[in-house]
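Following: one structure in structure tokens, then a few remarks.
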Amino acid sequence: MIRPVPYVANMAAYPLAQIEVSPGKTLVSLSQNESLRPPSPMATKAAADAALATHLYPDPDCIALREGLAAHHRLNLDTILCGAGSLDLIGCIARSYAGPDDAILAPAHAYPFFRTAAQMAQARFDTCKEKDATVDVDALLNAVRADTRIVFVANPGNPTGTRIPNAEVRRLRAALHADILLVVDEAYGEFADHLDAPTFGMIAQGNTVVLRTFSKAYGLAGFRVGWGAFPPAILQQVRKVMNPNAMSAPAQAAAHAALLDHSYMRETCTQTAQLRDTAISRLRDAGFDVLQSHTNFLLIPFKGKAQALAADAALKAEGVVLRAQSGAGLPQALRMTVGKPDHMKHAVDHLIRWKQEHPT
433 MIRPVPYVAN MAAYPLAQIE VSPGKTLVSL SQNESLRPPS PMATKAAADA
483 ALATHLYPDP DCIALREGLA AHHRLNLDTI LCGAGSLDLI GCIARSYAGP
533 DDAILAPAHA YPFFRTAAQM AQARFDTCKE KDATVDVDAL LNAVRADTRI
583 VFVANPGNPT GTRIPNAEVR RLRAALHADI LLVVDEAYGE FADHLDAPTF
633 GMIAQGNTVV LRTFSKAYGL AGFRVGWGAF PPAILQQVRK VMNPNAMSAP
683 AQAAAHAALL DHSYMRETCT QTAQLRDTAI SRLRDAGFDV LQSHTNFLLI
733 PFKGKAQALA ADAALKAEGV VLRAQSGAGL PQALRMTVGK PDHMKHAVDH
783 LIRWKQEHPT
């Protein structure tokens, strides 16, 4: 029998959403942090036009998309790297800058793929406590070890939805040793850009990467388009381990067009925030201790794992699928993606009814 290499054999598979409901029930999936509406019509048209030439390889340099990003975010073209979703970039960064003798550090309730990326690099994965399910800069700094090579921070966080001010991110960078790479994952950044000054300027220091994606606010999850602002020297190394043709031509075209339709994206963020905050308010009024979110989802803590599992089962019996969070160290919580208004009302109504039936 052919055997995998030991470090792969010992890895746990990345946990995927379990989208299963009772027979006869209409599925309401609020589990995958997808956009509540389709992408800009400009994006779908651009993708359809590009599909007419898919007998040709895509542009490995993503020139048009990178030029659009550079203009929109006022960045130098040579600092922008695109990948097949931010997961692609996270994995490639880990493999490029950490190995078997190194450690990667992240907050305790950080995006679970950070751990997977560390395992793929055969690096040790360290975590530190958060404060009220929010990144704690001092705890991160205290958790740094002599072999720490990368610190991953998602801001806003997934699955918590919480965020720290960008000034705190800059304080973290200033206190870290210069030879530690700080990776700031801003997959949900567009939902919080109005709150703070951007962090892209941090890449000028040469040891910080800021990642973004088109999967969330732009509604292009199915196209797998991620990008990041990199110091050029780091970009050159990361690109060596990437598939040069990972992003299809229709995906590049769709992302570029979506970027140009800025008002559509902002409208999506506004609609999302309104539905999210209404759901949070209703659930809090019903007795749930829901965290304030700065993303397109909300985290709902229960009194314990048993209650979370019971609520999850009750919702699935009604066709509603949320996302359990044991993989992020929060077995007592469920994450609800912001979806269509009727789906949100349906899910929240059933949660409130469950709470009334299980008051303790």
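Quick note on the numbering used here: the sequence shown kicks off at 433 and runs consecutively. A virtual CB, placed ideally from N, CA and C, is assigned to each residue, including glycine.
Judged by DSSP secondary structure, Gln757 falls within the beta strand (DSSP E) whose first and last residues are 755 to 757. Secondary structure of Ile596 (DSSP, three-state): coil. Annotation: Met443 to Ala553 spans about 11 Å, alpha carbon to alpha carbon. By the beta-carbon neighbour count (other beta carbons within 10 angstroms, threshold 16), Gln637 is exposed. Cβ-Cβ separation between Leu730 and Met776: approximately 10 Å, too far for a contact (criterion under 8 Å). For Cys514, DSSP records a beta bridge to Trp659. Taking 8 Å as the upper bound for CB-CB distance, Ala571 and Asp558 are not in contact here, some 11 Å apart. At the C-beta level, Ala530 and Ala555 come within 8 Å of one another. Taking C-beta separations shorter than 6 Å and ignoring five residues to either side along the sequence, the partners of Gly771 in its chain run Leu462, Leu468, following chain order.
Sixteen is the threshold: since fewer than 16 other Cβ atoms of the shown chains lie within 10 Å of the Cβ of Asp781, the residue is exposed. Per DSSP, the beta bridge partners of Leu766 are Ile732, Ala756. In this structure, Gly658 lies away from Lys457, with their beta-carbon atoms at least 8 Å apart. Runs of beta strand (DSSP E) with 3 or more residues, each lying fully within the segment 557 to 626, are found at 580 to 586, 613 to 617, listed in chain order.
Taking the Cα of Arg498 as reference, the smallest distance to any Cα among Gln724, Asp709, Ala686 is reached at Ala686. Asp617 places its beta carbon less than 8 Å from that of Leu643. Take Glu466, set aside five residues on each side of it, and the residues of its chain with a beta-carbon closer than 6 Å to its own are Ala653, in chain order.
For a cut-off of 8 Å, the C-beta gap from Leu747 to Leu741 is around 11 Å, too long to register as a contact. Ranked by Cα distance from Pro492, the first of Gly759, Ala683, Ile784, Gln757 is Ala683.
Contact annotation: the segment 666 to 676 does not touch the segment 715 to 733, with fewer than three C-beta pairs closer than 8 Å.
Setting aside the 5 residues that flank it on each side, Phe623 is surrounded in the same chain by Pro588, Lys648, Ala649, Cys701, Thr704, Ala705, His726, Thr727, Asn728, each with a C-beta closer than 8 Å to its C-beta; the list follows chain order. With fewer than 16 other beta carbons inside 10 angstroms of its own, Met433 counts as exposed. DSSP, reduced to helix, strand and coil, places Thr640 within a strand of the structure shown. Per DSSP, reduced to three states, the secondary structure at Val670 is helical. By the C-beta density criterion, Pro591 is buried, having at least 16 other C-beta atoms within 10 angstroms. Taking 8 Å as the cut-off, the Cβ atoms of Ala619 and Ala586 count as close. Going by DSSP, Ile712 is part of the alpha helix (DSSP H) stretching over 694 to 717. When only Cα atoms are considered, Phe734 and Ser472 end up about 37 Å apart. Here DSSP, grouped into helix, strand and coil, assigns Ala629 to coil. Phe662 is the residue among Leu521, Phe662, Gly736 whose C-alpha sits nearest the C-alpha of Leu509. The shortest C-alpha to C-alpha distance from Ala565 to any of Trp786, Ala516, Leu723 is the one to Leu723. Here the C-alpha atom of Tyr543 lies approximately 7 Å from the C-alpha atom of Ala760.
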